[in-house]
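Numbering (my numbering), first residue to last: 772 to 1198.
A short write-up of the structure that comes next.
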Ligand code: ACO
C-alpha cells in the first residue's frame, strides 16, 4: 500500500509520496513541492535532506551500523583488504581473484608520477600544508590526462580514472613528504601491496623494511575511512561532478572539503589537542570543562558526529587497533593515556551523554598515525588516501544515474527589498 504525507498550506491539502530505502528508512519525496505549492524547504546543514538514492554505503547512527554494499565494516576490516574494498565500493560486488588481480594491475600501472606533477610538487614551499599540495596536484591531473576531461566517460575510462587516482595519490603524498624532509624520492614498488608500497615510498631506504603488522594496521585504517555516504566531502564531489566538471576537479574539491577541522581535519586537531593537554600538565578534566563552556570556543576534537548518536563503529575498531599497533611497535604513548582518560570522563559526563557525543573515527586514528611515524600535518592526507575509493564510487554512481541533475539548492532570501541606486557623490 502506498503511503503519502499530507501538507496543508493556505487551506489546501497536498500529498507527497513516502519512499522507503532497503533498510527501512523513510523519506517524504518533495521533488514536486515547489512546482505544486510554490514553497521550498529550509534545512541548513542538510540534516534532514536526502540528496540522492545510493546503493553504496549504509549507516545507522542510532545503532552504530556501517556497511559497504551490505558488508559490515567489522568483517571487511578483519578479513578484506583496502584494494578489495575499493573494488567493492566502486563495482558493487566482491571481486573474484582474477577481477581483483586485474584491478590491482591497473592501479599498479599508474604508480609513476608524471614529470610535470613532480615539478608542481617541487614548486611548493616545504612548509605547505599537504592537503593544499595534494588538492592542487590532483586538480592538475586534468592537464596530463585530458582524455578524462570529457563530461561523460565510458565504463573503461571510469575504471581507469579510478585506478589512476588511487595510484597517483599513493605516490603524491610520499613524494611531497620526502621533499619536506630533504630526502630523495623512493620509487613505487606496487607488488609490495598498497599500504606497504606507500610506507616504503615514505620511509624506504637501504635498511628500511616494511613491518607487515604496521602495513596491515594501515590497510585496516584505510578500509575504515573508505566511504561514509553523503558527508561533506562526498557531497562536494557529487555537487562538483553534477556540473559535468571532470573527475579530477571533483575529487580535488572533495580533498579541500575534507581539510576542514569539523571534517577530516579533525584527526590533526585531535593530536594537537592531546599534545597541548600533555604539554600543559596533562589535566584533561580542565579541557572537558572548557569544551562544555558555551563562552569558550574550544570543542573536544574527535568527539561528536552528525549521524552517529550512540557510537561510531569505526572508532571501536580503531581503538583496538591502536592498542595492538603500539604494542607491536613497542611504543608507549602518553597521549593515548590522555585520550583514554578524556573518553572515560566524557562518557559519564551529562553534557556529553545528553548530547550523544562519542569518540568518532578521528579520536584514536592520529595516535596510530603518530606511531607509524606520519607527521601530524599529514594525518588528513592519510584520510584522503583512505577516502578516495569512496569519493570515486560516489562520483561514478552519480555519473551513471540517468536522472542525475546539476546540484542547485534554493535559499530563503533575507536581504534588502528593491531600492534605488544612489550615485557615490550623493551618499
Ligand atoms: N565538544 C563539545 N561540544 C560539542 C562537540 C564537541 N566536540 N560536538 C558537539 N557539541 C555540542 C554543541 O555545542 C551543541 O551543543 P548545544 O546543543 O548545547 O548547542 C551540540 O553538541 C550539538 O552539536 P552540533 O554542532 O549542532 O552538531 P553537528 O551535528 O552540527 O556537528 C560535528 C557534528 C561537526 C562532528 C561536531 O560534533 C564537532 O564539531 N565535533 C568536533 C570535530 C570533529 O571531531 N569532527 C570530525 C567528525 S568525523 C568526520 O568528519 C570524519
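Every residue, glycine too, gets a C-beta built ideally from N, C-alpha and C.
Remember, predicted model here, so these are calculated numbers, not experimental data.
Contact check, residue i vs residue j, beta carbons under 9 Å
i, j, result
"residue 1000", "residue 1159", "no"
"residue 984", "residue 822", "no"
"residue 1199", "residue 1069", "Any answer about residue 1199 is impossible in this case: the structure gives the chain only from 772 up to 1198."
"residue 896", "residue 947", "no"
"residue 1135", "residue 1092", "yes"
"residue 1124", "residue 1073", "no"
"residue 939", "residue 860", "no"
"residue 1086", "residue 1132", "yes"
"residue 974", "residue 1101", "no"
"residue 1039", "residue 1150", "yes"
"residue 1161", "residue 828", "yes"
"residue 920", "residue 1017", "yes"
"residue 923", "residue 1034", "no"
"residue 1028", "residue 993", "no"
"residue 1012", "residue 1170", "yes"
"residue 844", "residue 1130", "no"
"residue 882", "residue 788", "no"
"residue 1081", "residue 833", "yes"
"residue 1107", "residue 1118", "no"
"residue 916", "residue 887", "no"
"residue 878", "residue 904", "no"
"residue 1163", "residue 954", "no"
"residue 1168", "residue 791", "no"
"residue 995", "residue 1109", "no"
"residue 1172", "residue 824", "yes"
"residue 959", "residue 987", "no"
Nearest-angstrom Cβ-Cβ length linking residue i and residue j, presumed shorter than 8 Å
i, j, result
"residue 1095", "residue 906", "Contact flag wrong, Cβ pair sits at about 33 Å."
"residue 853", "residue 990", "5 Å"
"residue 840", "residue 863", "6 Å"
"residue 997", "residue 1157", "6 Å"
"residue 1104", "residue 1138", "6 Å"
"residue 913", "residue 806", "37 Å between Cβ atoms; not a contact."
"residue 847", "residue 858", "No, residue 847 and residue 858 are not in contact; Cβ-Cβ is about 12 Å, not under 8 Å."
"residue 1165", "residue 934", "In fact, because the Cβ distance is near 17 Å, the residues do not count as touching under 8 Å."
"residue 908", "residue 892", "6 Å"
"residue 963", "residue 945", "Rounded, the Cβ-Cβ distance is 13 Å, inconsistent with contact."
"residue 1010", "residue 1075", "Not quite, the Cβ-Cβ distance comes to about 24 Å (not below 8 Å), so this is no contact."
"residue 1147", "residue 1043", "7 Å"
Terminal residues of the alpha helix (DSSP H) in which residue i lies
i, result
"residue 1007", "1003-1012"
"residue 1060", "1055-1063"
"residue 805", "804-808"
"residue 1029", "1018-1030"
"residue 949", "926-951"
"residue 1147", "From DSSP, residue 1147 is part of no alpha helix (DSSP H); its letter is neither H nor E."
"residue 971", "965-974"
"residue 1045", "1037-1050"
"residue 958", "That residue, residue 958, is in no alpha helix (DSSP H); it is neither H nor E in DSSP."
"residue 986", "983-996"
"residue 1136", "1133-1142"
"residue 813", "Run containing residue 813: none; DSSP gives neither H nor E here."
"residue 980", "Taken as a continuous stretch (DSSP letters only), residue 980 belongs to no alpha helix (DSSP H), as it is neither H nor E."
"residue 848", "844-850"
"residue 1123", "1121-1125"
Span of the beta strand (DSSP E), counted from its first residue to its last, around residue i
i, result
"residue 789", "783-791"
"residue 779", "775-780"
"residue 799", "797-799"
"residue 837", "836-839"
"residue 860", "It is not in any beta strand (DSSP E) - residue 860 instead sits in the alpha helix (DSSP H) that spans 853-862."
"residue 829", "828-831"
(message) If contact is defined by three or more beta carbon pairs under 8 Å, each pair taking one atom from either stretch, is the stretch 925-937 in contact with the stretch 811-829?
(response) no
(message) Report the start-end ranges of each alpha helix (DSSP H) in the stretch 1062-1109 that is 4 residues or longer and not cut off at the edges.
(response) 1084-1100
(request) Report the residue ranges of all beta strand (DSSP E) runs contained in full by the stretch 877-910; include only those spanning at least 3 residues, in chain order. (result) none
(message) I'd like to know if the stretch 800-813 and the stretch 773-787 are in contact, where contact means that at least 3 CB-CB pairs between them fall below 8 Å.
(response) yes
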